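Student: Heads up: the protein sequence lines correspond to chains A and B, in order. Residue numbers for the first sequence follow the numbering used here, so the first one is 2 and each next one is one higher. Residue numbers for the second sequence follow the numbering used here, so the first one is 2 and each next one is one higher. Got a structure for you, written out below as C-alpha cells; questions coming shortly.
Number of protein chains: 2
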Amino acid sequence: MTDTGQRLPAQPTPVPIERISAALRAERHRAGISLSELAKRAGIGKSTLSQLETGIGNPSLETLWALAGALEIAVSRLVDPPQPVVRVVRAGEGPKLTAEHAPYQAGLLASLPAHGRHDLYHITAEPGPAHDSDPHMRGAVEHVLLCAGRALVGPIEDAVELHPGDYVSYPADIPHTFKALQKGTSAVLVGEYA
Amino acid sequence: MTDTGQRLPAQPTPVPIERISAALRAERHRAGISLSELAKRAGIGKSTLSQLETGIGNPSLETLWALAGALEIAVSRLVDPPQPVVRVVRAGEGPKLTAEHAPYQAGLLASLPAHGRHDLYHITAEPGPAHDSDPHMRGAVEHVLLCAGRALVGPIEDAVELHPGDYVSYPADIPHTFKALQKGTSAVLVGEYA
DNA sequence: TTCCCGGGTTCATTATAGCGAACGTGCGTT
DNA sequence: AACGCACGTTCGCTATAATGAACCCGGGAA
C-alpha cells in the first residue's frame, strides 16, 4: 500500500489503446452525446471514432487532440490512468523519508496526476454545523491533512475522523463535508480538479 | 455546458505537434541521452524521432507511449503545456472564502499549474541541523504550509521564518532548506515538479 | 593528413490511420 | 404495415506515419 497515482511508468500498461478506448467511451457517455455527434464536433470521421472506441487502431496526436477538445477535457485525461477512493494515512503511518543528519521526516501522502488544476487551501474551522460541499466536477479529488484540532472529513456517507497529522483523500465529485470537532481546528486542503 | 463551472481553455495551442517537439527535446536533454539512443530505447526509428523533434509530423499514440516510457515519464508530460519566486502568505492573510452557515474558512494559497507531478508530503522536524535539499529538476516549485511549531523555509539564501498557518512557495530548482526552530514542528509540503 | 565513429538529417518504401460512402439495426412516426 | 432517421459498424481508397538505409557533419585517434 504505497501511494495513489502512478509512479514512473516503466510498463504498467501493455496496451495503451485499451485505455483510450475505455476513457473515450466513458467521457463520451458522460458528455451525453452520440458517437456520430462527437465525431462531428471533433471534426474526425465517425468510422475512426468507432474503431477507437472498440479498441482497435492507434490514434494520432491530432486525433486525440481533436477528441479531447470536443469533449472539453485535457488530452491527459484520455491517456493517463484514473485514480480515486477514500484513503486515510494516520499520523505517523505511511512511507517515510528520513533525513540522515537532521531531525526531519517527510511522509509522502499522495502523488497527484499530471493534469488538471490543483488548488491549495488552508482551512480553519470551529465546532458547529458542518460545512457541506456540493459535488465538484467529475473526477475531482480532495486531499486533507489536519494540522490542529479534530474534524470529520470526507464523503458525507463515509466521512472519517481526523486527528492532527492525519491525512485523507476522497472523491469530491460527490457530496462531501468538513466538520470541526474541536476549537481551533485547521487543515490543509489540496483540491484536484479536472 | 456540462458541469458546473469547469472551463477548459479551448486550445491555447493550435498546433499540438509544437508542444511535443519542445517537450521531447527538453526531456531528452534532461535525460542526457542522444537522439539515436532514445530512439533505440523506445524501439522506434530515429528518423521518426528526428522529425518529431523538429516539429513535423503527427505522432501516433504508440509512438508517444514508447517515447514516454523510454524517458520514464508520463505521456501527459509530453502532451500537456509547460510554464513556473518566494511568496509568503502570513497566517490570516490572503483571499478568504467564508462559509455562510458554518464556522469554516478556506484561504486559497495557490493554484497549481495543470501539468507536471505534484507530490504531497507531511513534514515533521525537530530543532537541530537544517535539512538542506539539492536542487530538483528545473521548474520545480515547492509550497509549504506550517501546521505547528516554527521553521525557516525556502531557498538557502532567502529562507523565510514561518509560524503556524504561514505559507510560502519558492523555486525548488535551487538549493533550499527546511530548518525547524521549535520542538514538534510539522508542515505540509506540496512539491510541484516539471 | 586520413580514418572512423557517433551525432543527426534526408530519402524511398511500406504499413496503416483516417476518410466518406455504403450498410445493418432499432426506434418513433404516419 | 411502410417509412424516416439517427446510431453505430464495415468497406475500399488515399494520405501519411514509421521505417531502414543512405547520407552529411564534426571530433578524436592514429
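All residues carry an ideal CB built from backbone N, CA and C; glycine is no exception. Owing to the predicted nature of the structure, the values given are computational and were not obtained by experimental measurement.
#1: Can you tell me whether DSSP reads T55 of chain B as helix, strand or coil?
#2: Taking all protein chains shown into account, decide if D174 of chain A is buried (16 or more other Cβ within 10 angstroms of its Cβ) or exposed.
#3: Measure the C-alpha to C-alpha separation of I21 of chain B and L65 of chain B and round it to an integer number of angstroms.
#4: At least one CB of chain B closer than 8 Å to the CB of L1 of chain A: is that the case?
#5: Span of the beta strand (DSSP E) holding G155 of chain A?
#6: Between A75 of chain A and chain B, is the shortest Cβ-Cβ distance under 8 Å, so that the two count as touching?
#7: Taking 8 Å as the threshold (C-beta atoms), are G44 of chain A and A67 of chain A in contact?
#8: Between which two residues does the alpha helix (DSSP H) holding K41 of chain A run?
#9: Could you name the residues of the same chain whose beta carbon sits closer than 6 Å to that of S37 of chain A, not counting the 5 residues immediately before and after it, in chain order?
#10: Determine the contact status of A71 of chain B and R78 of chain B, defining contact as a CB-CB distance below 8 Å.
#11: Under a Cβ-count criterion, where at least 16 other Cβ atoms within 10 Å of its own Cβ denotes burial, should P60 of chain A be classed as buried or exposed?
#12: Determine, for G44 of chain B, whether the minimum Cβ-Cβ distance to residues of chain A falls below 8 Å.
#13: Give the straight-line distance between the Cα atoms of R151 of chain A and A149 of chain B, rounded to the nearest whole angstrom.
#14: Output needed for A32 of chain B: all residues of its chain with C-beta closer than 7 Å, excluding positions within five of it in sequence on either side, in chain order.
#15: Mind listing the chain A neighbours of P156 of chain B? Cutoff is C-beta to C-beta under 8 Å, in chain order.
#16: Answer yes or no: do V161 of chain B and A188 of chain B have a C-beta to C-beta separation smaller than 8 Å?
Tutor: To lay it out plainly:
#1: The residue you call residue 55 of chain B lines up with position 54 of the second sequence. Looking at T55 of chain B - three-state DSSP - the assignment turns out to be coil, as it is neither helix nor strand.
#2: One-based indexing of the first sequence puts residue 174 of chain A at position 173. It is buried - the Cβ of D174 of chain A has at least 16 other Cβ atoms within 10 Å.
#3: Mapped onto the second sequence, residue 21 of chain B falls at position 20. Mapped onto the second sequence, residue 65 of chain B falls at position 64. Approximately 9 Å, taken between the alpha carbons.
#4: Lying before the first or after the last residue shown, residue 1 of chain A is absent from chain A, which here runs from 2 to 195.
#5: Your numbering for residue 155 of chain A matches position 154 in the first sequence. Segment A152 to P156, the beta strand (DSSP E) holding G155 of chain A.
#6: As a position in the first sequence, residue 75 of chain A is number 74, starting the count at 1. Yes, contact with chain B.
#7: As a first step, residue 67 of chain A must be located in the first sequence, where it is residue number 66. As a first step, residue 44 of chain A must be located in the first sequence, where it is residue number 43. Cβ distance < 8 Å, so A67 of chain A and G44 of chain A count as in contact.
#8: Locating residue 41 of chain A in the first sequence gives position 40, counting from the first residue. K41 of chain A -> alpha helix (DSSP H) spans L36 to A43.
#9: On the first sequence, residue 37 of chain A is found 36 positions in, with the first residue counted as 1. So the qualifying residues of the chain are K47.
#10: Within the second sequence, residue 71 of chain B is the residue found at index 70, counting from 1. Within the second sequence, residue 78 of chain B is the residue found at index 77, counting from 1. The answer is no: Cβ separation not under 8 Å.
#11: Translated into positions along the first sequence, residue 60 of chain A becomes position 59. Classification of P60 of chain A: buried, given that the 10 Å Cβ count is 16 or more.
#12: Position 43 of the second sequence, counted from the first residue, corresponds to residue 44 of chain B. By this cut-off, G44 of chain B is not an interface position.
#13: Within the first sequence, residue 151 of chain A is the residue found at index 150, counting from 1. Within the second sequence, residue 149 of chain B is the residue found at index 148, counting from 1. Their Cα atoms are separated by approximately 14 Å.
#14: In the second sequence, counting from the first residue as 1, residue 32 of chain B sits at position 31. Cβ within range, chain order: L72.
#15: Counted from its first residue, the second sequence places residue 156 of chain B at position 155. The premise fails here: P156 of chain B is roughly 17 Å from chain A at the closest Cβ pair, so nothing lies under 8 Å.
#16: Counted from its first residue, the second sequence places residue 161 of chain B at position 160. Counted from its first residue, the second sequence places residue 188 of chain B at position 187. No, the Cβ-Cβ distance between V161 of chain B and A188 of chain B is not below 8 Å.
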